[in-house]
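Quick note on the numbering used here: the sequence shown kicks off at 1 and runs consecutively.
Take a look at the structure below.
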Amino acid sequence: MNSSLHIVIVEDHESLREVTANVLSEAGYQVTAVAYAEDVDHLLKGQKVDLFILDLNLPGEDGLSLARRIRKVQPRVGIIMATARGSKDDMVNGYDSGADIYMTKPIAPEALLAAIDALGRRMGHEKNGS
């Protein structure tokens, strides 16, 4: 059996967080879903995380600041920025903050899974279910 990526979703909209978590769980990934940036702190210290999916517009600390903080602690972790903000400047800021992939919502489940598979290959993980 292939190793399963541990993916952390940081999304403040409950319905979107739950739908995304269900899609990823059904695809065979280990998923932790949280609503706030501060919920990530204990995960950075105590758990192996392979990939983060971050919303840009979070209450309190935003996704850009969180991505920078994650990169300082875990420089090799995958980061997908998933946001409704799709301007050129937003994308550049997302990549500058440490995102590997910047996706504009709404995101088709197939596109998200393809992005995760691509990052997983880069990190040396095999595709789930193959």
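Don't be surprised by glycine CBs; every beta carbon is placed ideally from N, CA and C.
If you're wondering where the values come from, they're calculated on a predicted model, not measured in any experiment.
Give me, in chain order, the residues of the same chain whose beta-carbon lies closer than 6 Å to that of residue i; leave out the 5 immediate sequence neighbours on both sides.
| i | result |
| --- | --- |
| R132 | The question about residue 132 has no answer, for the chain in this structure spans 1 to 130. |
How is the beta strand (DSSP E) around residue i delimited, first residue to last?
| i | result |
| --- | --- |
| I7 | 6 to 10 |
| V54 | Rather than Val, the amino acid found at residue 54 in this sequence is Leu. Its beta strand (DSSP E) spans residues 51 to 54. |
| V34 | 30 to 34 |
Looking only at its chain, what residues have a beta carbon closer than 8 Å to the beta carbon of residue i, apart from the 5 residues adjacent to it on each side?
| i | result |
| --- | --- |
| N93 | L64 |
| L119 | L51, G78, I80, D100, I101 |
| N57 | D12, G63, T83, A84, R85 |
List the residues that DSSP assigns as beta-bridge partners of residue i.
| i | result |
| --- | --- |
| I101 | I80 |
My assumption, with CB atoms under 8 Å, is that residue i sits in contact with residue j. Please give the rounded CB distance.
| i | j | result |
| --- | --- | --- |
| V49 | V8 | 5 Å |
| V10 | P109 | Going by Cβ atoms, the distance from V10 to P109 rounds to 18 Å, so no, they are not a contact pair. |
| A82 | K105 | 6 Å |
| A21 | A33 | 4 Å |
| Q30 | L54 | That pair is no contact at about 17 Å. |
Could you pull the start and end residues of the alpha helix (DSSP H) that residue i belongs to?
| i | result |
| --- | --- |
| A118 | 109 to 122 |
| D131 | Any question about residue 131 goes unanswered here, given that the chain covers just 1 to 130. |
Would you identify the three-state DSSP class for residue i, choosing helix, strand or coil?
| i | result |
| --- | --- |
| A67 | helix |
| S15 | helix |
| A27 | coil |
| G94 | helix |
| A61 | Reading off the sequence, residue 61 comes out as Glu, not Ala. Looking at E61 - three-state DSSP - the assignment turns out to be coil, as it is neither helix nor strand. |
Between residue i and the rest of its own chain, which residues show a CB-CB distance below 7 Å, the 5 nearest in sequence each way excluded?
| i | result |
| --- | --- |
| Y102 | M81, M91, G94, Y95 |
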